[in-house]
Amino acid sequence: MKKISKSSLFFLPAFLWVFLFILFPMIWSLYISFFKYNPAIYGPKMTFNWGLNYYYILTDKRFWESMLHQLYYTGVGVAVEVTLGVLVALAIYNYIRSEWLKMVCLIIVTLPIMAAPIIVGTIWRLLFNPGSGVLSALSVMLGFGAIDWFDRAHAMNSLIIADIWEWTGIIALIIYAARIAIPARIYELAKTDGIPDRIVFRRITLPLLAEPIGMATLIRMMDSYKFFDLLFIMTRGGPGTATELPTFYTFILAFEQSDFGKAAALSWILGLIAMFIMQYIWGYFRKLRRFEVRL
Amino acid sequence: MELKRLIVWIALAIYILWVLFPIYWAINSSLKYVWEVNAIPPLWWPPKPTLKNYIWALFSERAGKSLLNSLIVSTGSTAIAVFLGALAGYYFSRYRMHEGIFWWLLTTRMFPPIIFAIPIFLMFKYMGILDTHLALIIAYVAVNIPLAVWLMRGYFDEVPVEVEEAARLDGLTPFKVIWKITMPIIAPGVAATIALTWIFAWNEFLLAYVLTRNVAFTYPVVLPTEVVSSQVFYNRMTALSIVALLPSIIILLVFRKHIVRMYVLR
Amino acid sequence: MVEVYLEHITKIFGSVVAVDDLTLRFKEGHLTSLLGPSGCGKTTTLRIIAGLETPTKGRVYFNEQDVTDVPTEKRNVALVFQMPTVYPTMNVYDNLALPLRIRGLSKQDIDKRIKEVSELMGIRHVLDRMPSSLDAGTTQKVALAHAFIKEPGVYLLDEPLTNVDPVTRIELRTLLKQIQKKYKATIIYVTHDQTESMTLADYIAVMRLGKLLQFDTPEKIYMTPKNTFVGWFIGNPGMNFLDVTFDQRRGALIGEGFEYGLSEEFKRILAEKNATEVKLGIRPEHILVKKEAKQGIKAKCTLVEPFSGDRKILHLEVGGIELKAKVSILLDVKEGETVSLEFPPEHVHIYDKTGELII
Amino acid sequence: MKVKVEGLTKFFGKRKALDNVSFEAADRAFTIILGPPGAGKTTTLKILAGLIKQDSGKIFFDGEEVTDIPPERRNVRMVFQSFALYPHMTVYENIAFPLKVAGMAEEEIRHRVKEVAEFLKIEGLLNRLPHNLSGGEMQRVAIARALARESELYLLDEPLVNLDYKLREDMRAELKRMQRELNKTIIYATPDPLEPLAIGDYLIVLNGGKVMQTGRTIDVYQNPENLFVGKYFSVPPMNLIEGTLRRKGERVIFESGEFTLDLTEIKDRMTYIPADVVIGIRPHEIKFSMEKIEGGIRVKTILSEVIGSDTIVHLKLGENLVKVFVPRIYRLFGGEEAWIKIDPKSVYVFDKRNEKSILRRLSRNG
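Chains as they are written, first to last, in the working numbering: chain H, 1 to 295; chain P, 1 to 266; chain G, 1 to 359; chain A, 1 to 366.
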């Protein structure tokens, strides 16, 4: 027992820090979620309200709408990102011969994922800017007339486009790493058998990439659930609540309406959903350590 | 066959352009005056390139200070997070005990940050440390420890136990072995961990927005505030963006091999 | 079945010459082994024959037909790798069926053929398993079955038994030999293991640093290695070499501390070649060791290695050079003892300074 | 230094890595620990070095107990199987490191490194980094690092396993010579049964964490106490045939299916005569011929393996696969007819129930 506690000194500081400033606050927030707590209106008084916060949220139309937005946003965004990312990775791997050029391409593809989301949002807000934005100008030039990229019909898609720009690169990177890991001799065997490229892709490459693709998809889905910064700077959930996602709604409840009890309840609902999804990611999660991009 | 190759190349070139264009546009805008930015139709090239916006980004009361704040907070939190992460990473790599805690640590990084942003805000308010560097550093360390542990454990795993044992037999005590043998061996990994942890702190927005106001604000907090003023200073915003983007690009170039590992725990 | 002929093949990777002007004929229906240490160019040669690498210079012929520019898929070759390689995404049956399906065989024909081949290879019971659930030995059997079912013109085997367990290794060796004998298959077998080569091959090509050193039957390679490297590399332990000078007047080889008289024929040849600085080569088992140190070459025993069973290896010092001799375990020689050696003329080889065989 | 180990036991989790291991290693001798992978060889060495703590048992160096001395103060030198060179240091720095730690003067270190490097013929490599070295070179550097600082006890953990086969041949003799010159106690772990024969003075056979037999190498070879030692400590592996012993009057006959062997000649050496036995015959002690041998057994060959100038012939004897070592080249591909003859005096007999030898010790001169 004494031996264990001595070596535990190694991880205890890290553990305690995370416990004190993440885990403990989260438990505290669970506590708050059972109280009526709105310091801006009612002052610092907390009143126990028997889980009414949860009831309010689950019967709140705005919450369910935000969940629908999330589904649309994640569904469309991740689907496009994964398809595009896989294509880009395989195009770079198969169709560029020079190792040096491969490296340059991969670095460019990776560039957006290194930028702060808030910067990406700034740039895309500028590009989508009604009137003076490049994309508005483009749509006028192409004869579609002036499109307002931030109106009710387009705002969500504009967000998704910016998201695709930022995150396709990571899918490409993961798939590229996975493709490198497939031994060349399998393809050489296929060559001696005279198997056409089409069949090689369908029966060998794609099945072998299925796992990393699934993994990348899950990670992206989890990430899109955390999505906040882009939304904040580009549309702030607007117009109206047309682009509002659950995380942003939580933010508004807490920091604009000062309704911390309800916000805490909503954040716990989101947390439970996250835990549910995480169960699926768990298995895949450990596997990713196998991959490393050799640029 | 060659036609197919050509088509793929063109498609790839279009993709590369699509990635690079927004960055070009940001640079383009950052060299313009504000009326040029808002011109209709847009100007594809700055008519009279100016560095005024960069001077604002680097030296103005608000933007310049925000960059300085970002630097302080990122560097301070990285130092602590990597140190604690290295200790814990070494433990998990060598002793292979409490694996549950290891995975649990990683889990915290997968929740939407708003979930702990709210209670942390309330807690720091109660403690009276809102809007200080300390508040941000504490929060960033907490958020970044799992990343640092994950990365460091991976690097420690690559050093065979027998190398450390050889050092014991050469006459070093256990702590000296880590300091004089293991750490120098994984120095590149430590550098990568520092860089990647740093960039996360540097890029973080939500906690910074929630926990700071007029004193400890970082550059991501400043960016959107330039939007809400009566005039939208895109030229300034893009200039600040480009300046803030530079460390990311440098780190990407230097540590490109480590990016995939890092991304898993975004 | 195909006869493979390589004509002045050279392959350069960057600044490395992997294969250096190699001319070699692989006879139809025979098993030829490419033998050499790692990095000798044997695998590259195999890949050139497969069409996976294009030679920098030289031509490749299959049955007198130039196939240098024919792509792999049109050469009808079968490749078996050191790491047991099959399509990991299909079960064993599909692995075997795929090449036949590509050729447009009917379902019944495929089924029949797979039945036959899987019976022969002893993999009938794993036909519906995925490769990931098989051990290396079985996977290699599947790989060999996959090669066999295609009825290729030539089998190209790249160290196929290195990663296989000893029991399967014996099975696969027997199978290979059967395939070769029964179906008159041309097999090219790359290995670094002299035992594999000596055991299986009809002909051995010894390579080193991209160059062909000797191409011969296993017996000839063993009995008369063409140069010192082949002598050293083949054999267990390898051949001994002594630096000596040829003294024409005395008609003998002079080494440090000994003199070795030569027969008339040897003298004549050496005199003709005008060789003075030469190397004397003799295999460990051919050295006769005698306890009474009266005549012959005197040597000091420095180490006795009980080798296995009825033989032991003596490390002997002759004038600063170390020799190894394989002798009967009954010969009672202790370390530090002086013995006398005899080199039977019929087992003595003489090499020139650069290591090429003279006699 | 004389090393004595008493009742060493070590658990890794639930697995018992060492089970009451006791042995002695004589002063200034070459002692070999032989055993298959997982036998506990590395664990034993690491416990001797102090890198792993035993759960119970004691270790004595020259009669002094060292169990509580940490590795950095035991002054035991070890060569690891993986070589464990410091990857970020040059060869020179690797060899100099233990001297530097010991606080030796710069000048002295340089001198000593040079001396060791010359001894192991690696002077030319001193400025290289480990990842630029070949397996053989790494091994020499690892040995050099171990030798640089003087010690009374050197531990070598399978140092030849990672080398290719031609190199091993030379290194074996070199190691033996090194031990002669060094004249220190060496304990050497290996899974290769050829190595004890070639270089060891004393042998400890380990299997599954238990000591199977100890003694002088040649003694163990001639008198395997149990089936495991007989089978494992034999190159090529001993042929084992299960069957029954029958008494027919004064005679003792071994029967296995259709194959019978008259063992009357060694009846006197049998301590008792069990019914079910396993007999062991070393491959080179079977006489083999393609022509009929008087009193021989007719067999069918399966395959031959040619090793240098010798051949291992695989053949079928009744239902058993048997290997025969023949000191000449035979290239056989199965189905050929041949004759073999087994000398009863070369047969080992083990009781099938407890796998122990039933023969009295024999001291043959080899």
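Just so you know, even glycine gets a beta-carbon here, dropped at the ideal spot from N, CA and C.
Buried or exposed: which applies to glycine 249/A, given that a residue is buried once 16 or more other Cβ atoms fall within 10 Å of its Cβ? exposed
What residues in the segment 198-211 of chain G bring their beta carbon closer than 7 Å to a beta carbon of chain A? Met198 and Thr199
If you count every other CB in all the chains shown that lies within 10 Å of the CB of isoleucine 81/H, and 16 or more means buried, which is it? First, the amino acid is wrong: residue 81/H is glutamate here, not isoleucine. It counts as buried.
Alanine 264/H and serine 33/H - do their beta-carbons sit closer together than 9 Å? yes
To the nearest angstrom, how far is it from the Cα of leucine 172/G to the Cα of leucine 161/G? 8 Å
For phenylalanine 291/H, name the three-state secondary structure that DSSP assigns. The predicted position of phenylalanine 291/H is uncertain, since its pLDDT is 43 and thus under 50; a value taken from the coordinates is nonetheless stated next. Here phenylalanine 291/H sits in coil by DSSP.
Does the segment 111-127 of chain A come close enough to the segment 189-197 of chain P that 3 or more CB-CB pairs lie under 8 Å? no
Quick one: what's got a C-beta closer than 7 Å to valine 116/A's C-beta in the same chain, skipping five residues either side? Ile95, Ala144, Leu147 and Ala148
Taking CB distances under 9 Å as the criterion, tell me whether threonine 174/G reaches chain A. yes
Interface residues of chain G around proline 207/H at Cβ under 7 Å? Thr89
For glycine 334/A, go through chain G and note every residue whose CB falls closer than 9 Å to its CB, in chain order. Thr174, Lys177 and Gln178
I'd like to check one pair, proline 344/A with threonine 264/A: are the Cβ atoms closer than 9 Å? yes
From Leu172/P, Asn144/P, Ala244/P and Met237/P, pick the residue whose C-alpha is nearest to that of isoleucine 80/P; which is it? Asn144/P
Quick one: what does DSSP say lysine 176/P is sitting in, helix, strand or coil? helix
Interface residues of chain G around leucine 147/A at Cβ under 9 Å? Result: empty, since nearest Cβ-Cβ is about 20 Å, beyond 9 Å.
Let me know the alpha helix (DSSP H) ranges lying completely inside the segment 187-228 of chain P, each 4 residues or longer, listed in chain order. 187-203, 206-211 and 219-228
Span of the alpha helix (DSSP H) holding phenylalanine 10/H? That residue, phenylalanine 10/H, is in no alpha helix (DSSP H); it is neither H nor E in DSSP.
Can you check DSSP and say which residues form a bridge with glutamate 164/P? Per DSSP, none; premise fails for glutamate 164/P.
Using beta-carbon positions only, say whether leucine 227/A and threonine 190/A come within less than 9 Å of one another. no
CB arginine 298/A to CB alanine 338/A, shorter than 9 Å? yes
Relative to the alpha-carbon of tyrosine 202/A, which residue among Gly208/A, Gly209/A and Gln213/A has its alpha-carbon at the smallest distance? Gln213/A
Inter-residue spacing [alpha-carbon to alpha-carbon] between lysine 298/G and glycine 51/G: 56 Å
Which residues, taken in chain order from the segment 191-222 of chain H, show a beta carbon closer than 7 Å to some beta carbon of chain G? Lys191, Thr192, Asp193, Gly194, Ile195, Arg203, Ile204, Pro207 and Leu208
Looking at chain H, is there any beta carbon in it that lies within less than 9 Å of the beta carbon of lysine 74/G? yes
Quick one: which residues of the segment 112-128 of chain H get their C-beta closer than 9 Å to a C-beta of chain P? List them in chain order. Pro112, Ile113, Met114, Ala115, Ala116, Pro117, Ile118, Ile119, Val120, Gly121, Thr122, Ile123, Trp124, Arg125, Leu126 and Leu127
Going by DSSP, what residue range makes up the alpha helix (DSSP H) through tyrosine 330/A? Careful: tyrosine 330/A lies outside any alpha helix (DSSP H) and carries neither H nor E.
Could you tell me which residues DSSP puts in a beta bridge with threonine 191/G? Leu35/G
Does the distance from the CB of alanine 153/H to the CB of phenylalanine 128/H come in under 9 Å? no
To the nearest angstrom, how far is it from the Cα of isoleucine 149/G to the Cα of isoleucine 204/H? 20 Å
Which of helix, strand or coil does DSSP assign to histidine 146/G? helix
When you check each C-beta in the segment 295-308 of chain A against every C-beta of chain G, which residues fall closer than 8 Å? Ile302, Leu303, Ser304, Glu305, Val306, Ile307 and Gly308
Leucine 67/P burial status per 10 Å Cβ neighbour count (16 or more: buried): buried
Please say whether isoleucine 313/G and proline 237/G have beta carbons closer to each other than 9 Å? yes
For serine 66/P, name the three-state secondary structure that DSSP assigns. helix
Cross-strand partners of leucine 241/A (DSSP beta bridge): The sequence given here has isoleucine at residue 241/A, not leucine. BP columns for isoleucine 241/A point to Ile279/A.
Kindly indicate which three-state DSSP category arginine 266/P falls into: helix, strand or coil? Because arginine 266/P sits at a pLDDT of 48, beneath the cut-off of 50, its placement in the model cannot be relied upon, and the following sentence gives the value as read from the coordinates. DSSP places arginine 266/P in coil when its eight states are reduced to three.
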